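Numbering (our numbering) for the sequence shown: -14 to 561.
Working notes, beginning with the structure itself.
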Amino acid sequence: MDGIPVPFAPYGQPQLSFAPISMGNMDAVDVVRGGGAVRYGPQNVGGIVNFVTRAIPDTPTLKGGIQTETSPSSSHDGFKTTGNLLAGGTADNGLGGAILYSGVRGGDWREHSDTQIDDLILKGKYQIDEANSLNAMAQYYDGEAQMPGGLNFRDYDADPYQSTRLKDKFWGRRTMFNFGYRYEEDARVFTANTFFTKTLRSGYLDQGSFVSLSPREYWVRGLETRFSQGFALGETWHEVGVGYRYVNEAGHELRYREPVTGNLPTTASRNDRDTRGATEAHAFYIDDRIDIGKWTITPGVRYEMIDTAQNNNLTNARYQGDYSTALPALNVLYHLTDTWNLYANTEGSFGSVQYSQMPNRVTGDEVKPEKARTWELGTRYDNGNLRAEIGAFLINFDNQYDSNQTNDTVIARGETRHQGIETSVNYALEGLSPVLAGYDVYASYAFVDATIREDGPNKGNRVPFSSKHKGTMGVSYTEGPWKLNFDSSFQSDQFADNANTAAESADGSTGKIPGYMLFSTRANYDFGPQLSDLNVAVGMKNIFNRQYYTRSFDDNNRGKYVGEPRTVYVQTSVAF
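Have a look at this one:
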């Protein structure tokens, strides 16, 4: 988020079971793929996603929005409401600030799913002069949610919207501070950013014979600097970038338990887990964007050095490991015309060794990161009316691991290969005839062959939860203040486990997951500045109420999870 790692421990615990991000506070979602990913890490397999918070307005501004939705066909009666607010502006002296808020109240289509989220962000900036600026940001995120959990096949058949895990609950808090400096003049840019995050993740979980309380706290401190310089060299133009990031993180993970027939556990209950983790990481990168004629060539490399450890305070055991890895990348772009180009790239990426994996990995002398090599080849076209892209990709994984949450073990999936084709197209039909002005059609499709390549009984099987076919199709119409959309999405079947078990198990955790196709629609009307830019929209998701589901295989709350049924919603927003 704004270049700051979102995971509560980006090296030691990178999962996003608690993700302190509210889309109501975001302006955009940037996806960085190919050679450019060397500037980011550590979890950069396949690229990087950066959530960009709403910008500080240039003039005094107040904006607000709210959405309410409900799923009438589910057995959960109620509404889920989300809201957002932005207030701020920038003075003539270059000093600006904004307050951002986004919140959630209510439940989803499952029973026992009530959610409450409050996300408050304060942003500030000071434009010292044309070249120098300062920026700061603070965030407080607080959320809690009931967890309906998975269902066995009998309970799912009886009522897929019910919950049989009424003790499961999750909550978390995050505090974040960021301060940065930026210098930009001509073709030279320098930035320096510091950040600090403190995160609590906790919850009750029914483990069968007992209920657990698992408070986990994490502290992350970081510093990142970047410098880029553009210059001409003969007939070429270069933009050389270098960067360094230091991260120091610490974590304290506890678990308390009480018999499932007793009271909910507290911090005075029996303690069966008490571990502390720590990581110190240094990362360097250098790349050079070279423009020569119709070619743009960007070689680069990222180098990571990690020292990580976990202490078990109950057994006094210590597990420590250090490792480093170089991640070279190359991106090549050829401009056939002003509207059409070809691209090819390759990059190395990795996932760090997690705290929960340390005992198994140290004992087995396998303190090695998950590594992957990505190759892409494709073409893009954009002439204003038609935007189209098609590309082929190949990702080879080494040392791919999964953590099994039911027995605290690490599953070695080993080598996997992900290959396929992805394509998208968007066409403004006005290019065919002026009569069709305002109509746009769009579609996307991806074919993914994700296969386990490690020797053993599962070699050749499909990677769990990977669909071979996914796509979207839609049409939109815009006329004055009106905008109408009709969309669809589809995906093919999946498996829930490495063995690709087709028959459904009694607990619902394994078995083939059927594919499905969903349809949705939305109508939007913009009243314009005469009514404070009031915007009203109504929509419906899963129009035909198609019932579909997924599974959870290696979680304590494993089983079948029904997808979102027909859901209607209303959105409004205003700006002053």
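Think of the CB as a built atom: it goes at the ideal place given N, C-alpha and C, for glycine as much as any other residue.
Here the structure is a predicted model, which is why all the values come from computation and not from measurement.
Can you list, in chain order, the residues of its chain with a C-beta nearer than 6 Å to that of residue i? Leave out the 5 residues immediately preceding and following it.
{"i": "residue 424", "result": "414, 462"}
{"i": "residue 28", "result": "-1, 336"}
{"i": "residue 174", "result": "213"}
{"i": "residue 211", "result": "176, 228"}
{"i": "residue 357", "result": "30, 334, 380, 382"}
{"i": "residue 460", "result": "426, 471"}
Look up residue i in the DSSP assignment and say whether it is helix, strand or coil.
{"i": "residue 25", "result": "coil"}
{"i": "residue 142", "result": "helix"}
{"i": "residue 416", "result": "helix"}
{"i": "residue -14", "result": "coil"}
{"i": "residue 192", "result": "coil"}
{"i": "residue -4", "result": "coil"}
{"i": "residue 10", "result": "helix"}
{"i": "residue 1", "result": "coil"}
{"i": "residue 519", "result": "coil"}
{"i": "residue 533", "result": "coil"}
{"i": "residue 514", "result": "helix"}
{"i": "residue 421", "result": "helix"}
{"i": "residue 477", "result": "coil"}
{"i": "residue 461", "result": "strand"}
{"i": "residue 556", "result": "strand"}
{"i": "residue 339", "result": "coil"}
{"i": "residue 244", "result": "strand"}
{"i": "residue 550", "result": "coil"}
{"i": "residue 574", "result": "Beyond the ends of the chain as shown, which are -14 and 561, falls residue 574; an answer cannot be given."}
{"i": "residue 284", "result": "strand"}
Can you give me the C-alpha to C-alpha distance between residue i and residue j, rounded to a whole angstrom?
{"i": "residue 222", "j": "residue 171", "result": "14 Å"}
{"i": "residue 267", "j": "residue 62", "result": "50 Å"}
{"i": "residue 248", "j": "residue 341", "result": "28 Å"}
{"i": "residue 449", "j": "residue 437", "result": "9 Å"}
{"i": "residue 304", "j": "residue 235", "result": "14 Å"}
{"i": "residue 144", "j": "residue 471", "result": "30 Å"}
{"i": "residue 180", "j": "residue 130", "result": "27 Å"}
{"i": "residue 534", "j": "residue 488", "result": "15 Å"}
{"i": "residue 233", "j": "residue 60", "result": "47 Å"}
{"i": "residue 237", "j": "residue 274", "result": "42 Å"}
{"i": "residue 493", "j": "residue 97", "result": "19 Å"}
{"i": "residue 32", "j": "residue 16", "result": "7 Å"}
{"i": "residue 256", "j": "residue 287", "result": "41 Å"}
{"i": "residue 34", "j": "residue 422", "result": "34 Å"}
On the premise that residue j lies in contact with residue i, defined as a C-beta separation below 8 Å, what is that separation, rounded to the nearest angstrom?
{"i": "residue 285", "j": "residue 23", "result": "4 Å"}
{"i": "residue 102", "j": "residue 88", "result": "6 Å"}
{"i": "residue 50", "j": "residue 557", "result": "7 Å"}
{"i": "residue 283", "j": "residue 272", "result": "6 Å"}
In chain order, what residues of the same chain have a beta carbon less than 8 Å from the beta carbon of residue i, not counting five sequence neighbours either side?
{"i": "residue 452", "result": "433, 476, 477, 478, 479, 500"}
{"i": "residue 278", "result": "220"}
Using the beta-carbon count (16 or more within 10 Å), is residue i buried or exposed?
{"i": "residue 84", "result": "exposed"}
{"i": "residue 318", "result": "buried"}
{"i": "residue 194", "result": "exposed"}
{"i": "residue 552", "result": "buried"}
{"i": "residue 290", "result": "exposed"}
{"i": "residue 139", "result": "exposed"}
{"i": "residue 142", "result": "exposed"}
{"i": "residue 529", "result": "exposed"}
{"i": "residue 420", "result": "exposed"}
{"i": "residue 57", "result": "exposed"}
{"i": "residue 75", "result": "buried"}
{"i": "residue 339", "result": "buried"}
Which residues in the same chain as residue i place their Cβ atom closer than 7 Å to its Cβ, once the five residues preceding and following it in sequence are excluded?
{"i": "residue 250", "result": "196, 197, 198, 241, 242, 243"}
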